[in-house]
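Undergrad: According to the working numbering, the stretch in the sequence shown is residues 2 to 262, in order.
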Amino acid sequence: LIANRPSRKKALSNGKYVFQPAWYNVIFDTLTDLIYFGIGAVAASLICNYQPDMLIALVGLIVIVAYPAYYWYTTKMLLQNAEYPFQLRLSQWNNAIKDANVTYLLEFLKQKQKGKHLLIFGSQGTGKTTLAVALATEASIKSSCCSYVTAVKLLCMFYNPLDMIYERSLWNWRKCDLLVIDDINPGLPVESDIISADLFYNTLNNLQNGSHNIQHIRDKNIIWVMGSDDPTNKLEEKWVSLLHQLKVDPSNIKVIDLEEV
């Protein structure tokens with residue numbers, strides 16, 4: 002099945018996109034680059050031959066570029082503090098996926114409602130982690146505070162004091178708008194669960210922070226990166242049941258299996 006999937010390189014060479022590029026950002030970046038080139042050219046001209054009109058033009062260009070500079074600085078901070086393992090825009094993701102799921106994911110990025118839970122299933126090579134990171138990256142670019150964390154690391158964080166200060170980050174998983182939980186289970190060819198739904202719940206509902214942890218998980222937008230949905234293991238059923246146990250509204254739960262194309 003994996004061997005028959007079109008490679009990302011081939012998909013890009015064919016000029017086909019699963020998710021269309023954000024053309025607004027492309028145009029915005031291009032115009033910003035042109036302004037910076039203009040500033041350099043005018044500054045060089047002033048050094049060679051000072052003219053008052055050129056000085057006015059330079060000041061005007063600097064004023065114009067102030068907003069793009071502020072925008073990209075804040076965007077860089079949003080991306081950096083999310084701690085993504087790599088950089089990927091949604092338009093660069095070119096694995097196989099149902100059209101209906103593409104439509105849902107685009108709406109997922111647009112909606113403002115909290116407490117949405119997206120469970121992405123798939124075996125190795127289906128692009129589940131890259132899809133999750135790409136979705137969160139788009140949210141970061143739209144000024145959302147996002148966090149990426151592996152499941153094992155999050156289990157440890159469930160015990161951290163509520164007022165704990167994170168020196169290297171402007172926010173933690175409790176305060177973010179969108180949380181990506183990766184590596185919950187590897188999926189095929191690994192058959193057994195590494196982190197079960199029961200283990201996750203028991204660690205989540207610990208004596209120190211249990212009620213607060215449950216509230217944050219229930220009321221936050223979360224992308225869960227799962228393994229393969231083996232019918233014999235009933236992985237989807239177990240994790241959806243966990244969300245029901247946390248009092249998540251069933252209408253706020255969406256399952257996407259990247260092996261169903």
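For each residue, glycine too, the CB sits at the ideal point set by N, CA and C.
Looking only at its own chain, which residues have a Cβ that is under 6 Å from the Cβ of G61, when we skip the five neighbours before and after it?
TA: Reading the sequence shown from its first residue, position 60 is the one you call residue 61. Within the same chain, G61 has no close Cβ partners at all.
Undergrad: Taking V1 as the reference, which of L132, M165, A198 has the closest Cα?
TA: Limits of the chain in this structure are 2 at one end and 262 at the other, which puts residue 1 out of reach.
Undergrad: Hey, how far is the Cα of Y25 from the Cα of S144?
TA: Along the sequence shown, one-based indexing puts residue 25 at 24. Along the sequence shown, one-based indexing puts residue 144 at 143. Cα-Cα distance, rounded: 15 Å.
Undergrad: Given this structure, state the Cα-to-Cα distance separating D178 from P162, to the nearest angstrom.
TA: Here residue 178 refers to the residue found at position 177 when the sequence shown is read from its first residue. Here residue 162 refers to the residue found at position 161 when the sequence shown is read from its first residue. Whole-angstrom Cα-Cα distance: 20 Å.
Undergrad: Report the start-end ranges of each alpha helix (DSSP H) in the region 18 to 52 that is 4 residues or longer and not cut off at the edges.
TA: For the region 18 to 52, whole alpha helix (DSSP H) runs of length 4 or above, ordered along the chain, are 24 to 49.
Undergrad: Pull the bridge partners of S197 from the DSSP assignment, please.
TA: For the purposes of this step, residue 197 is taken as the residue at position 196 of the sequence shown. DSSP output for S197 lists no bridge partner at all.
Undergrad: Starting from T151, trace the beta strand (DSSP E) in both directions and tell me its first and last residue.
TA: For the purposes of this step, residue 151 is taken as residue 150 along the sequence shown, with counting starting at 1. Unbroken beta strand (DSSP E) run through T151: 147 to 151.
Undergrad: Would you mind giving the Cβ-Cβ distance between V226 and I121, rounded to the nearest angstrom? I have them listed as a contact below 8 Å.
TA: Position 225 of the sequence shown, counted from the start, is the residue given in the question as residue 226. Position 120 of the sequence shown, counted from the start, is the residue given in the question as residue 121. V226 to I121, Cβ: 5 Å. Contact.
Undergrad: Tell me the DSSP secondary structure of W225 in three-state form.
TA: To locate residue 225, count along the sequence shown from 1; it is residue 224. Strand at W225.
Undergrad: Expressed to the nearest angstrom, what Euclidean distance is found between the alpha-carbon atoms of K176 and S242?
TA: For the purposes of this step, residue 176 is identified with residue 175 of the sequence shown, where counting begins at 1. For the purposes of this step, residue 242 is identified with residue 241 of the sequence shown, where counting begins at 1. Distance between the alpha carbons of K176 and S242 is about 25 Å.
Undergrad: List the residues that DSSP assigns as beta-bridge partners of V181.
TA: Taking the sequence shown and counting its residues from 1, the one referred to as residue 181 is at position 180. Note: V181 sits in a beta bridge opposite Y149, I224.
Undergrad: Would you mind listing the alpha helix (DSSP H) stretches within the region 76 to 123 that are 4+ residues and don't spill past its ends, in chain order?
TA: The qualifying runs are 100 to 111.
Undergrad: Where H217 and V43 are concerned, what is the direct C-alpha to C-alpha distance, given to the nearest angstrom?
TA: Along the sequence shown, one-based indexing puts residue 217 at 216. Along the sequence shown, one-based indexing puts residue 43 at 42. Straight-line Cα distance between these residues: approximately 52 Å.
Undergrad: Strictly by DSSP, which residues pair up with D250?
TA: In the sequence shown, the residue the question calls residue 250 occupies position 249. According to DSSP, D250 bridges with nothing at all.
Undergrad: Measuring only the C-alpha atoms, how far is A137 from E237?
TA: Indexing the sequence shown from 1 puts residue 137 at position 136. Indexing the sequence shown from 1 puts residue 237 at position 236. Approximately 22 Å, taken between the alpha carbons.
Undergrad: Identify, in the order they occur along the chain, each residue of the same chain with its Cβ nearer than 6 Å to the Cβ of L156, setting aside the five sequence neighbours on each side.
TA: As a working note, residue 156 is residue 155 in the sequence shown. Here the set comprises T204.
Undergrad: Use the C-beta contact count for A67: other C-beta atoms within 10 angstroms, 16 or more gives buried, fewer gives exposed.
TA: In the sequence shown, counting from the first residue as 1, residue 67 sits at position 66. Its Cβ having fewer than 16 others within 10 Å, A67 is exposed.
Undergrad: Report yes if the C-beta distance between A135 and I196 is below 8 Å; otherwise report no.
TA: Numbered from its first residue, the sequence shown carries residue 135 at position 134. Numbered from its first residue, the sequence shown carries residue 196 at position 195. No, these two residues do not count as a Cβ contact at 8 Å.
Undergrad: Write down the C-beta distance between K248 and R219 rounded to the nearest angstrom, noting that I regard them as a contact closer than 8 Å.
TA: Locating residue 248 in the sequence shown gives position 247, counting from the first residue. Locating residue 219 in the sequence shown gives position 218, counting from the first residue. At roughly 6 Å, the Cβ-Cβ gap stays under 8 Å, so K248 and R219 are in contact.
Undergrad: What is the DSSP secondary structure of A12, reduced to helix, strand or coil?
TA: As a working mapping, residue 12 is identified with position 11 in the sequence shown. Low confidence applies to A12: its pLDDT is 42, below 50, so where it sits in the model is not reliable enough to give any reading.
Undergrad: Under a three-way DSSP split, which group does V60 fall into?
TA: If you number the sequence shown from 1, residue 60 lands on position 59. Looking at V60 - three-state DSSP - the assignment turns out to be helix.
Undergrad: For L80 and Q93, what's the separation of their Cα atoms in angstroms?
TA: Here residue 80 is taken as the residue at index 79 of the sequence shown, counted from 1. Here residue 93 is taken as the residue at index 92 of the sequence shown, counted from 1. L80 and Q93: Cα-Cα distance of roughly 17 Å.
Undergrad: Where does V262 fall in DSSP's three states?
TA: As a position in the sequence shown, residue 262 is number 261, starting the count at 1. Residue state, collapsed to three classes: coil.
Undergrad: Which residue from I142, Q21, V103 puts its Cα closest to that of K77?
TA: Position 76 of the sequence shown, counting from 1, holds the residue named residue 77. When only C-alpha atoms are compared, the closest one is I142.
Undergrad: Check each candidate in G211, D258, M158, Y202 and name the one with the smallest Cα separation from H245.
TA: Stepping through the sequence shown from its first residue, residue 245 is reached at position 244. Of the listed residues, the one whose Cα sits closest to H245 is Y202.
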